[in-house]
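Some notes on the structure that comes next.
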Amino acid sequence: MAPLHPPFQANRCGHLQVSELHSIYWEECGLSSGVPIIYLHGGPGGGIDENDRRYFDPTHYRSILFDQRGSGKSLPHACLQDNNTWSLVADIEALRCHLEIDRWIIFGGSWGSTLAVAYAEKHTERCLGLILRGIFMLRQEELAWFYQAGASMIFPDYYEAYQAVIPADERHDMMRAYYKRLTGDDEVEKLKCANEWSTWETTTSKLLFDPEYTTKSQDPKWVLAFARIECHFFVNAGWLKEGQLLQEASKITHLPITIVQGRYDMVCPAKTSWDFYQALGGDSNTNVEYKIIGDCGHSAHEVGIEEALVDAVEKFKSLKP
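For the sequence shown, the numbering used here begins at 9 and goes up steadily by one.
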């Protein structure tokens, strides 16, 4: 077993002003002279927590973590204005320059994998390699599977609560109906919808239901950022052309890439990671490792997923800046 590293504190942290409106919270952990690696959280809107840094050996890596626009400790909280995929890509690059890092490893899961690939395809020369989990390419079929019809066939009981807050005549487009309410003026309705949107994802993220994992869905501050920002990105298709990240995968086929995918991932089904693996060259590309974890779902905090991610981070110790 390869467990997470014991808890440790950040060496330093701060806020970086990335636009007139947005200031992003960042922290640096581990060895100041170590190999740089950046952690990209999910959602979008999920933010970082103190366990995220534990994937990285603090005696080897200089790990960088940050809250994306509107998330966690970044300001303004839950803000949708000037908040899009390409702004976040620019923020990563601004943070790299601020910290005087030449090249780094990119680590991201779920939405974090989307952002990692978008960044890598735009700033390939700044990437040492990618460690990705639960691949999400933000295609319409993926969004429809989880938010409209697909996962609902596996979790009809949880889906009933998710759709109950939306009138029957609007349920043909659940994302749009939620977005209307998450950006509306009725604060009570906004919070109720944020809770249900977030609960739908947290209850379906693990192979076996984990009530403790769903507790953050009851935190008003967290759910407002998570639900509003996620829905904002998804109704706008991430400001990506359909299939764009797959179509441009040839830009990064020379990089070492490890893909970790739960077989029973109901949030980001394995087909997307398989499509991405094939776009990278599949079995013919020896730079890419594709790991299916047979007893896991979507969450990074299932044992098999954690082990595979820590193993990948250990393997990447051979990379030099």
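Yeah, the Cβ is synthetic: ideal placement off N, Cα and C, and Gly gets one too.
Could you check how far apart the C-beta atoms of residue i and residue j are, in whole angstroms? I think they sit under 8 Å.
| i | j | result |
| --- | --- | --- |
| Leu253 | Thr122 | 7 Å |
| Val268 | Ala202 | Rounded, the Cβ-Cβ distance is 29 Å, inconsistent with contact. |
| Leu136 | Leu288 | Wrong, their Cβ atoms sit about 16 Å apart, outside the cutoff. |
| Gly78 | Ala235 | Contact flag wrong, Cβ pair sits at about 11 Å. |
| Gln148 | Glu256 | Not quite, the Cβ-Cβ distance comes to about 18 Å (not below 8 Å), so this is no contact. |
| Gly80 | Gly55 | 3 Å |
| Leu138 | Ile114 | 5 Å |
| Trp153 | Pro277 | 6 Å |
| Gly290 | Ile301 | The Cβ separation is near 19 Å, so there is no contact. |
Suppose contacts are defined by Cβ-Cβ distances below 9 Å. Is residue i in contact with residue j by that definition?
| i | j | result |
| --- | --- | --- |
| Leu48 | Gly158 | no |
| Glu36 | Leu151 | no |
| Gly51 | Gln76 | yes |
| Thr266 | Leu73 | no |
| Phe324 | Ile45 | yes |
| Met145 | Asp57 | no |
| Leu39 | Pro66 | yes |
| Trp205 | Thr93 | no |
| Met161 | Tyr170 | no |
| Pro11 | Glu314 | yes |
| Phe163 | Thr222 | no |
| Ser41 | Arg70 | yes |
| Val243 | Lys200 | no |
| Val125 | Pro329 | no |
| Lys229 | His85 | yes |
| Ser281 | Gly142 | yes |
| His13 | Val318 | yes |
| Val296 | Thr261 | yes |
| Tyr167 | Trp208 | yes |
| Ala98 | Val26 | yes |
Per the DSSP calculation, residue i is bridged to which residue(s)?
| i | result |
| --- | --- |
| Pro44 | Arg70 |
| Glu36 | Arg20 and Ile72 |
| Glu297 | Thr266 |
| Cys135 | Trp112 |
| Gly4 | There is simply no residue 4 to check, as the chain begins at 9 and stops at 329 in what is shown. |
| Arg25 | The amino acid at residue 25 is misidentified as Arg; the sequence shows Gln. Gln25 pairs with Ser31. |
Could you check if residue i belongs to the surroundings of the ligand PLP, using beta carbon to heavy atom distance under 8 Å?
| i | result |
| --- | --- |
| Asp218 | As for the ligand PLP, it is missing from this structure, which has no ligand bound. |
Review point. Can you list, in chain order, the stretches of the beta strand (DSSP E) that have 3 or more residues and sit fully within the segment 46-88?
Key: With a minimum length of 3 residues, the continuous beta strand (DSSP E) runs that stay inside the segment 46-88 are 69-74.
Check your understanding: Taking contact to mean at least 3 C-beta pairs separated by less than 8 Å, is the segment 60-71 in contact with the segment 123-134?
Key -> no
**Study point:** Three CB pairs or more closer than 8 Å across the segment 174-188 and the segment 239-255
**Key:** Yes, the segment 174-188 is in contact with the segment 239-255.
Practice item. Could you tell me which uninterrupted alpha helix (DSSP H) segments, each at least 4 residues in length, are contained entirely in the segment 243-295, listed from first to last along the chain? Key: DSSP runs (the alpha helix (DSSP H)) wholly in the segment 243-295: 252-255 and 278-287.
Practice item. Report yes or no: do three or more beta-carbon pairs, one from the segment 21-37 and one from the segment 212-219, lie closer than 8 Å? Key: no
Check your understanding: Is there contact here, the segment 271-279 with the segment 288-305, by at least three beta-carbon pairs under 8 Å?
Key -> Under the Cβ criterion (8 Å, minimum of three pairs), the segment 271-279 counts as touching the segment 288-305.
Check your understanding: Whole alpha helix (DSSP H) runs in the segment 188-223 with 4 or more residues, listed along the chain?
Key -> Counting only runs of 4 or more, we get 195-211.
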